[in-house]
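The opening residue of the sequence shown carries number 1 in full-length UniProt numbering; numbering runs sequentially from there.
For glycine and all other residues, C-beta sits at the position ideal for the given N, C-alpha and C.
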Amino acid sequence: MSSKIPVSVLIPAKNEQANLPACLASLSRADEIFVVDSQSTDNSIEIAKSHGVNVVQFNFNGRWPKKKNWSLDSLPFRNEWVLIVDCDERIPPDLWEEIDQAIQNNEYTGYYLNRRVFFLGKWIRYGGKYPDWNLRLFQHKKGRYENLHTEDIPNTGDNEVHEHVILQGKVGYLKNDMLHEDFRDLYHWLERHNRYSNWEASVYFNILTGKDDSGTIGANLFGDAVQRKRFLKKVWVHLPFKPILRFVLFYIIQRGFLDGKAGYIYARLLSQYEYQIGVKLYELRNCGGHLNTATTPKEGAGEQENRGVEGELLTIDS
Numbered sequence: 001m002s003s004k005i006p007v008s009v010l011i012p013a014k015n016e017q018a019n020l021p022a023c024l025a026s027l028s029r030a031d032e033i034f035v036v037d038s039q040s041t042d043n044s045i046e047i048a049k050s051h052g053v054n055v056v057q058f059n060f061n062g063r064w065p066k067k068k069n070w071s072l073d074s075l076p077f078r079n080e081w082v083l084i085v086d087c088d089e090r091i092p093p094d095l096w097e098e099i100d101q102a103i104q105n106n107e108y109t110g111y112y113l114n115r116r117v118f119f120l121g122k123w124i125r126y127g128g129k130y131p132d133w134n135l136r137l138f139q140h141k142k143g144r145y146e147n148l149h150t151e152d153i154p155n156t157g158d159n160e161v162h163e164h165v166i167l168q169g170k171v172g173y174l175k176n177d178m179l180h181e182d183f184r185d186l187y188h189w190l191e192r193h194n195r196y197s198n199w200e201a202s203v204y205f206n207i208l209t210g211k212d213d214s215g216t217i218g219a220n221l222f223g224d225a226v227q228r229k230r231f232l233k234k235v236w237v238h239l240p241f242k243p244i245l246r247f248v249l250f251y252i253i254q255r256g257f258l259d260g261k262a263g264y265i266y267a268r269l270l271s272q273y274e275y276q277i278g279v280k281l282y283e284l285r286n287c288g289g290h291l292n293t294a295t296t297p298k299e300g301a302g303e304q305e306n307r308g309v310e311g312e313l314l315t316i317d318s
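1. How many whole angstroms separate the CB atoms of ASN159 and PRO12, which I take to be in contact at a CB cut-off of 8 Å?
2. Quick one: residues in its chain with C-beta nearer than 8 Å to the C-beta of HIS193, no 5 flanking neighbours on either side, listed in chain order?
3. So, helix, strand or coil for ASN159, using DSSP?
4. For the beta strand (DSSP E) containing PRO21, name the first residue and the last one.
5. Who does SER8 pair with in a DSSP beta bridge?
6. Considering ILE45, what are the terminal residues of the alpha helix (DSSP H) in which it resides?
7. On the DSSP bridge list, what partners appear for LEU167?
8. For the region 209-272, list the alpha helix (DSSP H) runs that are entirely contained and at least 4 residues long, ordered along the chain.
9. Could you work out which residue in SER271, HIS238, VAL226 is closest to TYR112 when comparing CA atoms only?
10. For ASN198 and SER3, what's the separation of their Cα atoms in angstroms?
11. Since PHE119 sits in a beta bridge, which residues does DSSP pair it with?
12. Helix, strand or coil: how does DSSP classify VAL203 here?
13. Put LEU75 into one of helix, strand or coil per three-state DSSP.
14. What does the Cβ neighbour count give for LYS129, buried or exposed, with the cut at 16 atoms within 10 Å?
15. Is the Cβ-Cβ distance between residue 350 and PHE138 less than 9 Å?
16. Please classify ASP86 as buried or exposed, where buried requires at least 16 other C-beta atoms within 10 Å of its C-beta.
17. Within this structure, are the beta carbons of ILE33 and SER8 separated by less than 9 Å?
18. Taking the beta carbon of GLN17 as the centre, do at least 16 other beta carbons fall within 10 Å, making it buried, or is it exposed?
19. Mapping the DSSP letters down to three states, classify LEU179 as helix, strand or coil.
20. Could you tell me whether the region 72-88 touches the region 175-188, where touching means 3 or more Cβ pairs closer than 8 Å?
Quick look at the structure:
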């Protein structure tokens, strides 16, 4: 039997009975596991307890911190190193062996892990989805997720979505991949990205209105992979026809077509996702910075004015 590795695993969860068994099975090398649950109504808690892991309930009060930062602040980790794993992710044996060696290296306080994303049973290797670097392994006292000031936006969830870890010290990169395999159906993919688009629209809005980004990883064309991506996002938000551009970028320029039917479907869904972000951004900018806030039409506004508003919306986000 392989020896335990002195790493504490943090798993944020809510109604993940389809994914938890495989996730937890892949974490058997970890010395300690915490499942931080948000009042699941399925069998997630029972599954977690059957694997002998710690189950903690998180109650979001609508303010910062969200789930991961709260867990890093509050949980009694007995190990210096923490590994953040989502329920639809797996840590293969070869990656565990590399983690065991990496945490013994005093040069680094954290490591980026690369993800292989699977969709409709196929590894999405192209379209810019690989490599997909995520800072998931770090000394828990030295890292916290950035605050992008989206916690007051409704329907985004209680967990950090695409916020990144700000870490004190030097960061390395591991060679072996973690796996991202969601065992649920497309309904859940769409439901999740409906929430994500609320979050993204808020991030776009903050960029366009010049909101202070201090306390974040920052945007830097010459920084690491994540900082470069953040820099490109600041350029991206100003471009027209983003849904079409996203399809062309993913499917043609970044060769998503090489992933076959799954790649085409993924490209179409990402284009739709970009359109959702766009219309929600329109709603934010025209409703005083709050989603789903009704406004009273101006008195005397006729059909021509209404058509003009609709045309503007389609021009911005088509």
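Straight from the coordinates:
1. That belief holds up - the Cβ atoms of ASN159 and PRO12 are roughly 5 Å apart, short of 8 Å.
2. The residues are LEU269, TYR273, GLN276.
3. coil
4. Where PRO21 is concerned, there is no enclosing beta strand (DSSP E), although the alpha helix (DSSP H) it sits in stretches over 20-25.
5. Beta-bridge partners assigned by DSSP to SER8: GLU32, VAL82.
6. 44-50
7. GLY143
8. 225-236, 242-247
9. VAL226
10. Straight-line spacing of the CA atoms in ASN198 and SER3 works out to 43 Å.
11. LYS122
12. In the three-state DSSP reduction, VAL203 falls in the helix class (H, G or I).
13. coil
14. buried
15. Residue 350 is absent from the structure shown; the chain starts at 1 and stops at 318.
16. buried
17. yes
18. buried
19. The answer is strand: DSSP assigns LEU179 an E or B state.
20. Put simply, the region 72-88 touches the region 175-188. At least three CB pairs are less than 8 Å apart.
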